[in-house]
Amino acid sequence: MNRRMKYIDDFRDPATARALVERIRRDAGDAPVRLMEVCGTHTVAIARGGIRPLLSGAVTMLSGPGCPVCVTPDGYIDAAIALGTERGALLASFGDMLRVPGTSSSLEKEKGAGLEVRVVYSPLDAVTLAAATPDREVVFLGVGFETTAPAIGGSIKTASVRGVANFSVLSSVRTIPEAMGVLAADPEVRIEGFLCPAHVSVVIGTDAYRPVAETYGIPCVVAGFEPLDILMGISMLLRQKKEEVARVENEYSRVATATGNRKAQDLIRDVFVPCDTGWRGIGVIPGSGLRIADRYASFDAEKKFGVSVVFAREKTACRCGDVLKGKILPVDCPLFGKACVPEEPYGPCMVSSEGSCASYYKYGAL
Amino acid sequence: MCLGVPAKILERSDGTAVVELGGVRREISVMLIDDVSVGEWVIVHAGFALGKLSEEEAEQTLALFREIADSGEFRDS
Amino acid sequence: MHDKILLSHGEGGKRTRDLIAKVIARHFDNPVLSPFFDAGLLGRIEGEIAFTTDGYVVTPPFFPGGDIGRLAVCGTVNDLAVCGAKAVAMSCGLILEEGLPLDTLERALAGMRDAAKEAGVTVACGDTKVVERGKGDGIFITTAGVGVSVDGWRPAPSEIRPGDRILLTGTMGDHQVAVLIARQNLAIEAPVLSDVAPLSGLLLPLLPRFAGKVRFMRDPTRGGVGVTLNEMAAAANARFVLDEARLPVRESVRGVCEIFGFDPLYLANEGKAVLIVAGDAAEAIVAALREHAYGREAAIIGEVREGGSGVRLRTLAGGVRAVDYPVGDQLPRIC
Chain C
17 MNRRMKYIDD FRDPATARAL VERIRRDAGD APVRLMEVCG THTVAIARGG
67 IRPLLSGAVT MLSGPGCPVC VTPDGYIDAA IALGTERGAL LASFGDMLRV
117 PGTSSSLEKE KGAGLEVRVV YSPLDAVTLA AATPDREVVF LGVGFETTAP
167 AIGGSIKTAS VRGVANFSVL SSVRTIPEAM GVLAADPEVR IEGFLCPAHV
217 SVVIGTDAYR PVAETYGIPC VVAGFEPLDI LMGISMLLRQ KKEEVARVEN
267 EYSRVATATG NRKAQDLIRD VFVPCDTGWR GIGVIPGSGL RIADRYASFD
317 AEKKFGVSVV FAREKTACRC GDVLKGKILP VDCPLFGKAC VPEEPYGPCM
367 VSSEGSCASY YKYGAL
Chain B
2 MCLGVPAKIL ERSDGTAVVE LGGVRREISV MLIDDVSVGE WVIVHAGFAL
52 GKLSEEEAEQ TLALFREIAD SGEFRDS
Chain X
84 MHDKILLSHG EGGKRTRDLI AKVIARHFDN PVLSPFFDAG LLGRIEGEIA
134 FTTDGYVVTP PFFPGGDIGR LAVCGTVNDL AVCGAKAVAM SCGLILEEGL
184 PLDTLERALA GMRDAAKEAG VTVACGDTKV VERGKGDGIF ITTAGVGVSV
234 DGWRPAPSEI RPGDRILLTG TMGDHQVAVL IARQNLAIEA PVLSDVAPLS
284 GLLLPLLPRF AGKVRFMRDP TRGGVGVTLN EMAAAANARF VLDEARLPVR
334 ESVRGVCEIF GFDPLYLANE GKAVLIVAGD AAEAIVAALR EHAYGREAAI
384 IGEVREGGSG VRLRTLAGGV RAVDYPVGDQ LPRIC
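Protein chains in written order, with the numbering used here: chain C, 17 to 382; chain B, 2 to 78; chain X, 84 to 418.
#1: Taking D326 of chain X as the reference, which of X:G309, X:C166, X:A104, X:P240 has the closest Cα?
#2: Against Y379 of chain C, what residues of chain X qualify as contacts under a CB-to-CB distance less than 7 Å, listed in chain order?
#3: Would you mind working out which of X:A122, X:P245, X:I128, X:C208 sits nearest N320 of chain X, comparing C-alpha positions?
#4: Here's the rule: buried if 16 or more other CB atoms are within 10 angstroms of the residue's CB, otherwise exposed. What is D77 of chain B?
#5: Taking only beta-carbon positions, decide if C365 of chain C is within less than 9 Å of chain X.
#6: Is R13 of chain B helix, strand or coil by DSSP?
#7: Note down, in chain order, all residues in the region 308-338 of chain C with a beta-carbon under 8 Å from any beta-carbon belonging to chain X.
#8: Which one of C:S304, C:I234, C:S217, C:V347 has the shortest CA to CA distance from C55 of chain C?
#9: When DSSP builds the beta bridges, which residues end up paired with M300 of chain X?
#10: From what residue to what residue does the alpha helix (DSSP H) around N313 of chain X run?
#11: Can you check which of these residues, C:K319, C:C236, C:T275, C:L70, is closest to Q256 of chain C by C-alpha distance?
#12: Using the C-alpha atoms, what's the distance from R34 of chain C back to T101 of chain C?
#13: Roughly how many angstroms separate the alpha carbons of V323 of chain C and V106 of chain X, rounded to a whole number?
#14: In or out: H85 of chain X buried (at least 16 other Cβ within 10 Å) or exposed?
#15: Whose Cβ in chain X lies nearer than 9 Å to the Cβ of R41 of chain C?
#16: Do you know whose CA, among X:Q267, X:P281, X:I103, lies nearest G152 of chain X's CA?
#17: Out of C:T163, C:S269, C:C373, C:I250, which has the shortest C-alpha to C-alpha gap to V219 of chain C?
#18: Which one or two residues does DSSP pair with C208 of chain X in a beta bridge?
#19: Check whether the Cβ of P243 of chain C lies closer than 9 Å to any Cβ atom in chain X.
#20: Under 9 Å, do G307 of chain X and N268 of chain X count as touching if we go by C-beta distance?
#21: Here's the rule: buried if 16 or more other CB atoms are within 10 angstroms of the residue's CB, otherwise exposed. What is V20 of chain B?
#22: If you count every other CB in all the chains shown that lies within 10 Å of the CB of A214 of chain C, and 16 or more means buried, which is it?
#23: Mind reading off the beta-carbon distance from L155 of chain C to L186 of chain C? Whole number of angstroms is fine, and I expect it under 8 Å.
#24: Relative to the C-alpha of D46 of chain C, which candidate in C:K258, C:G130, C:F110 has its C-alpha closest?
#25: Does R26 of chain B get closer than 9 Å to chain X when you measure Cβ to Cβ?
#26: Excluding five sequence neighbours on each side, which residues of the same chain lie with their C-beta closer than 8 Å to the C-beta of L11 of chain B?
#27: Look at A261 of chain X and L276 of chain X and say whether their C-beta atoms are less than 9 Å apart.
#28: Could you have a look at D150 of chain X and say whether DSSP puts it in helix, strand or coil?
#29: Output yes if chain C places a C-beta closer than 9 Å to the C-beta of F66 of chain B; else output no.
#30: Cβ closer than 9 Å: which chain C residues qualify as neighbours of E341 of chain X?
#31: Tell me, please, whether the CB atom of C55 of chain C is closer than 9 Å to any CB atom in chain B?
#32: Output yes if chain C places a C-beta closer than 9 Å to the C-beta of S78 of chain B; else output no.
#33: Could you give the DSSP three-state label for P350 of chain C: helix, strand or coil?
#34: Since A47 of chain B meets chain X, which of its residues come closer than 8 Å, beta carbon to beta carbon?
#35: Is there at least one Cβ from chain X nearer than 9 Å to I63 of chain B's Cβ?
#36: Who are the neighbours of L269 of chain X on chain C, taking C-beta pairs under 7 Å?
And the structure:
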């Protein structure tokens with residue numbers, strides 16, 4: 017019944033976890049080392065694994081902006097809702113997006129008022145849905161980083177090849193290394209090491225972080241998402257700090273390689289074009305976005321329907337931006353747990369399943 | 002943003018494969034990776050195989066973990 | 084008889100009487116129901132009475148391991164069982180959508196009949212209404228159930244104290260995953276069966292056998308063990324600490340959870356119970372549960388500790404995290 021799942025349970029062994037925690041505590045200095053986990057999936061894994069309390073005093077984990085839902089502007093949700101309510105489109109979305117607040121509403125709230133939103137696991141399911149409902153326009157909410165970009169691109173290619181003309185994507189794709197550069201350069205943030213995303217790295221290759229390590233002298237370790245991967249990754253960062261070096265190391269060597277997935281990269285280059293894009297709470301980061309290339313314009317919902325995603329002014333009391341930059345911890349935000357709770361989120365960090373604030377709230381600021 | 006799981010390829014056809022994880026089977030797209038054969042392991046994200054899992058590298062990582070766990074226990078006693 | 088439910092089946096006239104006589108009565112052939120009076124006459128009942136009600140709206144109505152009919156009986160029986168009562172009689176209120184295939188109704192009623200027989204509960208009365216096409220999701224069932232307390236046992240959350248153990252009668256998440264698979268949104272094949280089962284035979288004998296040792300019981304349906312434990316901890320004003328390594332989950336349910344990012348703690352169960360018991364009786368009670376077909380994977384999953392309230396989980400990595408109420412349903416995620 018509780019049989020060992022290969023390549024999952026092996027990386028959850030309690031005895032090894034204990035040994036790694038000891039190793040980390042031995043290598044830590046007098047002041048807690050400030051490390052940033054860039055990826056939202058790491059934030060959730062750290063929270064669910066109860067790892068933060070194990071490292072208290074030795075390591076402070078700052079949650080970075082690798083939560084695609086958290087950094088997507090209000091205006092994106094507004095545009096999605098408009099496509100559904102004003103243009104009658106059938107929206108298909110990852111579950112993560114449903115409760116994120118836009119300027120005045122959310123997909124979940126609008127669903128209650130009649131908006132048609134189908135939760136899908138894969139963008140290909142949205143293409144299948146479009147093929148099965150030829151009299152409806154199906155718009156897939158394509159939110160993600162480089163992990164998901166190939167999947168979104170793959171769905172556009174598939175729709176193109178199969179001639180599914182009633183399918184399009186409202187794209188909100190961002191890329192990680194540029195954002196890491198902005199954070200590394202910000203003196204207010206003071207990051208001593210980056211725990212780099214596992215599956216973004218599988219696509220882009222671990223070499224992609226070398227400019228950050230070399231330019232800013234910040235150690236980078238690519239780590240998997242299981243508890244042992246995370247603890248090992250943190251341990252490797254502390255070792256680098258002790259040795260006073262700043263390299264890119266790869267803990268997730270079983271899947272991630274230096275050059276990454278060439279085929280996926282080619283697909284991204286075919287379907288997308290780099291662009292400047294706004295990150296909630298951070299602002300516009302040059303070259304940090306991917307928009308759909310002109311040759312696939314008929315699958316680009318913004319072009320097809322003439323809507324645009326407005327990078328709206330944020331609600332002033334919202335501190336999501338500072339949380340995303342690792343400037344403050346969720347508990348330091350005056351709204352945390354009071355005006356901003358998962359049932360009534362003020363900002364996306366509280367709503368997204370892997371937003372820092374939601375993680376702290378759900379799993380305990382322990 | 003990176004939820005992906007290791008799964009074993011059970012069947013292969015043109016552009017798709019059936020993978021298995023813990024007795025659960027699903028059809029996924031393999032358009033993002035080069036030739037992958039039945040019996041190999043891949044990481045699955047949003048219905049796509051994103052990369053292959055090297056069993057050799059996995060074993061090396063686990064061997065390193067075992068070393069660390071063992072040396073940790075020595076220090077306890 | 085027609086092969087579909089029509090509005091006239093709910094209007095009280097000949098079609099209604101035909102439906103009752105030719106379809107419903109065939110499945111519930113007992114002396115209380117048979118006269119089809121306006122009420123079921125239960126006669127004199129000795130003992131303390133417990134009473135419960137529930138509504139069943141599951142879609143689709145048939146799923147691996149069960150159906151809406153079986154669910155309706157088991158849910159009712161189990162609500163009474165976790166309160167220490169043996170279900171004696173229950174009602175069956177049917178709300179049918181115009182156009183529902185008669186075959187669907189027959190299958191659901193057969194599920195109810197078989198489950199009622201297994202649980203030893205009489206379907207004593209019922210009602211049938213038909214709503215217009217589009218106004219109901221095929222078939223809804225509402226029930227009310229009457230039970231008699233066994234041995235005078237009552238749920239006693241105030242008796243819960245540090246050192247007590249938290250028991251779960253089997254694996255988590257089977258029901259919800261089975262239903263998700265039946266809905267076909269996940270496009271997966273997995274050998275998962277709903278755990279829907281009547282638990283009176285599993286739970287009620289424990290109460291006299293381990294007198295004074297069972298403090299509180301609940302069935303972890305919607306929201307799963309995670310929600311139920313939060314409710315129990317609040318009722319008891321106690322701190323519960325779970326051990327991740329001891330949570331029983333079937334391999335295939337784990338597989339689904341890993342792929343879609345679900346947390347098994349929050350998935351619904353329909354054939355399980357959570358028990359808080361005295362520490363010195365925990366092992367013996369687990370052994371007793373395991374003697375029964377519906378308790379083979381029973382386990383101690385945690386304990387009651389000093390200090391504060393709420394639910395915590397000791398993780399595999401050796402850390403600790405909170406297990407709070409979830410917000411909304413579990414949805415497949417990519418993050």
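Beta carbons: idealized from backbone N, C-alpha and C, even for Gly.
To lay it out plainly:
#1: X:G309
#2: R404, A405
#3: X:P245
#4: The pLDDT assigned to D77 of chain B is 44, lower than 50, so where the model puts this residue is not dependable; a value taken from the coordinates is nonetheless given after this. Exposed, by the Cβ-count rule.
#5: no
#6: strand
#7: none
#8: C:S217
#9: X:L358
#10: 307-319
#11: C:C236
#12: 53 Å
#13: 56 Å
#14: exposed
#15: Near R41 of chain C there are no residues of chain X at all, since even the closest Cβ is about 12 Å away, more than 9 Å.
#16: X:P281
#17: C:T163
#18: X:S174
#19: yes
#20: no
#21: buried
#22: buried
#23: Here residue 155 of chain C turns out to be Val, not Leu, going by the sequence shown. So it is a contact: roughly 6 Å between Cβ atoms.
#24: C:K258
#25: yes
#26: A18, V19, V20, E21, R26, V39
#27: yes
#28: strand
#29: yes
#30: M21, I24
#31: yes
#32: Residue placement at S78 of chain B is poorly supported in this model, since its pLDDT is 38, which falls under 50; the coordinates still yield a value, given next. No - not a single Cβ of chain C is within 9 Å of the one on S78 of chain B.
#33: coil
#34: I417
#35: Per the sequence presented here, residue 63 of chain B reads as Leu, with Ile not at that position. Not an interface residue.
#36: Y137
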